[in-house]
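Colleague: So the sequence shown is residues 2 to 180, counted in my numbering.
Structure in structure tokens, see below.
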Amino acid sequence: MSRIGKQPIVMPKGVSLTIENDVATVKGPKGILTQAISPDIIVEQEEGQVLVKRNSDAKQYRALHGLTRALLANMVNGVTNGFEKKLELVGVGYRAQMQGKKLVISIGFSHPVEIDPPEGIEFEVPAVTKITVKGIDKQLVGNTAAHIRAIRKPEPYKGKGIKYENETIRRKVGKAGGK
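Okay, structure coming up:
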């Protein structure tokens, strides 16, 4: 039995899960999320919790079992609490600011980089060198943060670039000062 798949998902008050035509829909105080699920996975609701079960012990069903449970748990967590990723800009003159809903980043290019938030994502700039990406869809929050980071990844010699808040950059030793 899958260690993750066999754990029940606790449904907080105000959150509902419906499954129709192999599509799970979770409604909560922060919004609505939908996810396609395999028809071979059984999702049962009972007494304020959701149980995910599988038909067979074949390898593909074991993999889908834990995946489906994790996806549903992330959806429930997203519509109740939401997700956020924090990024830091490291480098002289690197700064971020908001223009309406648009994020504008100056990171050493000849032009500022403007990023429109995808639907369901919002940006915050608590400090000039910090960016927070917030939303209810864990995958979309992670992808948006990765897209912003990819604009200028941290480089290994001086550590300049856009990095995650708790990311450690493996530094390299520069050239030895030769003659």
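Built from N, CA and C at the ideal position, the CB exists for glycine as well.
Note that the structure is predicted; figures quoted are calculated from it, not measured.
Quick check on the DSSP output: what are the complete beta strand (DSSP E) runs of length 3 or more inside the stretch 23 to 52, in order along the chain?
Modeller: 24 to 29, 32 to 37 and 42 to 47
Colleague: Below 7 angstroms CB to CB, which residues in the same chain sit around ILE5 once its five sequence neighbours on both sides are set aside?
Modeller: GLY67, ARG70 and ALA71
Colleague: Which residues in the same chain have their Cβ closer than 7 angstroms to the Cβ of MET12, if we skip the five residues on either side of it in sequence?
Modeller: LEU18, GLY49, GLN50, VAL51 and VAL77
Colleague: Output yes or no for whether 9 angstroms exceeds the beta carbon distance between GLU166 and GLU89.
Modeller: yes
Colleague: Using the Cβ count rule (16 or more neighbours within 10 Å means buried), how would you classify PHE110?
Modeller: exposed
Colleague: Shortest alpha-carbon distance to ALA128 belongs to which of PRO118, GLU120, ILE106 and PRO119?
Modeller: Check the Cα spacing between ALA128 and each of PRO118, GLU120, ILE106 and PRO119: the tightest is with ILE106.
Colleague: If I'm right that LYS135 touches GLU125 with Cβ under 8 angstroms, what's the distance once you round it to whole angstroms?
Modeller: 7 angstroms
Colleague: Which full runs of the beta strand (DSSP E) of 3+ residues lie inside the stretch 99 to 153, going along the chain?
Modeller: 103 to 107, 114 to 116, 122 to 128 and 131 to 136
Colleague: Compare the beta carbon distance of LEU73 and VAL44 with 9 angstroms and say whether it is the shorter of the two.
Modeller: yes
Colleague: Let me confirm a value: PRO155 is counted as buried when at least 16 other C-beta atoms fall within 10 Å, else exposed. Which label applies?
Modeller: buried
Colleague: Suppose the cutoff is 7 angstroms on Cβ atoms and the five residues either side in sequence are ignored; what does the same chain contact list for GLY29 look like?
Modeller: Take GLY29, set aside five residues on each side of it, and the residues of its chain with a beta-carbon closer than 7 angstroms to its own are GLY15, VAL16, VAL80 and THR81, in chain order.
Colleague: Could you tell me if ASN101 is buried or exposed, where buried requires 16 or more neighbouring beta carbons within 10 angstroms of its beta carbon?
Modeller: Reading the sequence as shown, one finds Gly at residue 101 and not Asn. Classification of GLY101: exposed, given that the 10 Å Cβ count is below 16.
Colleague: Is the beta carbon of ILE170 less than 9 angstroms from the beta carbon of THR145?
Modeller: no
Colleague: Please report whether the beta-carbon of ASP41 lies at a distance below 9 angstroms from any beta-carbon of chain B.
Modeller: Looking for chain B here will not work: only one protein chain is present.
Colleague: Name the DSSP bridge partner or partners of ILE20?
Modeller: For ILE20, which the question treats as bridged, DSSP gives the partners ALA25.
Colleague: Roughly how many whole angstroms lie between the Cα atoms of ARG150 and GLN98?
Modeller: Those two C-alpha atoms are separated by around 15 angstroms.
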